[in-house]
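Before any comments, here is the structure.
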DNA sequence: TATTTAACTTTACAGTGTTAATATTATATC
DNA sequence: GATATAATATTAACACTGTAAAGTTAAATA
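Protein chains in written order, with our numbering: chain A, 1 to 201; chain B, 1 to 201.
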């Protein structure tokens, strides 16, 4: 019965090959500029083979993004386990979030801007990794409120405010690289500090 | 010599026809899903005629976005002229900015997300309308600092923080309509209030 | 060995942005 | 009014795109 398993392994291997070729191309050339043929060429298979593993191009994007989110989730969860002070955790998480976006700008846009455009309805909802990322942030914020460091406003509102801030600065820095920004670190710090200050009791 | 003028008028008229057809389609179906042929069909011209008026599809997008920015600029400048208290102006401007984005979500994304992707390098820089929009915000922030209501941090940093916040919440609300947001007005208010509080002296 | 099943490829279709060459028109000149 | 000239619009074509359907090949089962 080892044959079936080997076959399954081979299938999974090809699937991973497709995914990593797709990610590489999406990131390098942008989702729109990558064709199924390009991906197929890269892995030396025919274009339609991809369709045996993924429903369509958007589906492929979806799985690429899930990997990205998993990556982000790991970064944030590790951070949380390392620090005790919730405010400090939040500050560091915010920085890590923005830095993640700037380190993999194409991945970030793919996940948080392009994907929702191509998969209307399927936001960050349900038991997805995206939800876990948000929940990670939410827990930290929750702790800040519990310890009465933050104003006693709704946990969700507070978390969503925080997310808005980091999402906003990340995208602006990615999308308008030629805008006369103040020093990048200064701006990121200011955004996070301002938001945290504004949330304090 | 009235003939040349009439000709110029006719030319301008067609140009406007193209622009408004493009805007309508871009907004309704999304930039990627609109072809030059579709635009041409709508105005009952051949596809290539468009190229006599615009360099390419991205150029067309560019002019559509400029109109959007002009629209936003008018909204914000009128607001500023109506109110005296700079903090109140800033609060209202923030709200107006987000509401503008939510009222014309496709236009907003086209201008602030899609366009930069398709015209790398040409951000919001130079003497464009986009710059004027930012300057409008900047002036209000500047007044808040001058009156010592805000902390004495760099005007640019402060303005950019404000922009990050409103940009972030706008895009999140547009892109993830199915996320379990708190009540929309509550969130927008919380974002703006938090940022302003965080900036205060 | 014959047949079924899985994996993959070839072919094809209807659509894309864009260019070059061509045709049509309206104006200016004789 | 006829002809040359300029402006404007169109047709045809190219090299792509995502993807469905049919065909091919190799391996597993009977």
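Virtual Cβ for every residue (Gly too), placed ideally from N, Cα, C.
Source: prediction; values computed, not measured.
Identify whether residue i lies in helix, strand or coil by the three-state DSSP scheme.
i	result
residue 55 of chain B	coil
residue 46 of chain B	coil
residue 74 of chain B	helix
For chain B, check one thing: does any of its Cβ atoms lie closer than 7 Å to the Cβ of residue i?
i	result
residue 156 of chain A	yes
residue 58 of chain A	no
residue 16 of chain A	no
residue 164 of chain A	yes
residue 139 of chain A	no
Under a CB-based cut-off of 7 Å, is residue i close to chain A?
i	result
residue 194 of chain B	yes
residue 35 of chain B	no
residue 182 of chain B	yes
residue 169 of chain B	yes
residue 61 of chain B	no
residue 19 of chain B	no
residue 187 of chain B	yes
residue 22 of chain B	no
residue 107 of chain B	no
Confirm the yes/no value for this check: CB of residue i, any heavy atom of the ligand COA, distance under 6 Å.
i	result
residue 187 of chain B	Absence of the ligand COA is noted for the structure shown, with no ligands found whatsoever.
Considering only C-alpha positions, which residue in the set the options is nearest to residue i?
i	options	result
residue 157 of chain A	A:182, A:16, A:187, A:198	A:198
residue 187 of chain B	B:164, B:145, B:163, B:98	B:98
residue 81 of chain A	A:15, A:196, A:140, A:175	A:140
residue 46 of chain A	A:18, A:194, A:130	A:18
residue 131 of chain B	B:32, B:51, B:72, B:13	B:72
residue 78 of chain A	A:96, A:62, A:59	A:96
residue 176 of chain A	B:181, B:179, B:176, B:167	B:167
Label residue i either buried or exposed according to how many other C-beta atoms from any shown protein chain fall within 10 Å of its C-beta, with 16 as the threshold for buried.
i	result
residue 201 of chain B	exposed
residue 115 of chain A	buried
residue 48 of chain B	exposed
residue 88 of chain B	exposed
residue 165 of chain A	buried
residue 147 of chain B	exposed
residue 22 of chain A	buried
residue 121 of chain A	With a pLDDT of only 49 at residue 121 of chain A, under the threshold of 50, the placement of this residue in the model should not be trusted; the figure read from the coordinates follows. Exposed: under 16 other Cβ atoms inside 10 Å.
residue 109 of chain B	buried
residue 190 of chain A	buried
residue 35 of chain A	exposed
Every unbroken alpha helix (DSSP H) within the stretch 94-167 of chain B, with a cutoff of 4 residues, ordered by chain: The stretch 94-167 of chain B contains these whole alpha helix (DSSP H) runs: 105-109, 115-118, 129-146.
Alpha helix (DSSP H) runs wholly inside the stretch 161-201 of chain A, at least 4 long, in chain order: DSSP runs (the alpha helix (DSSP H)) wholly in the stretch 161-201 of chain A: 184-199.
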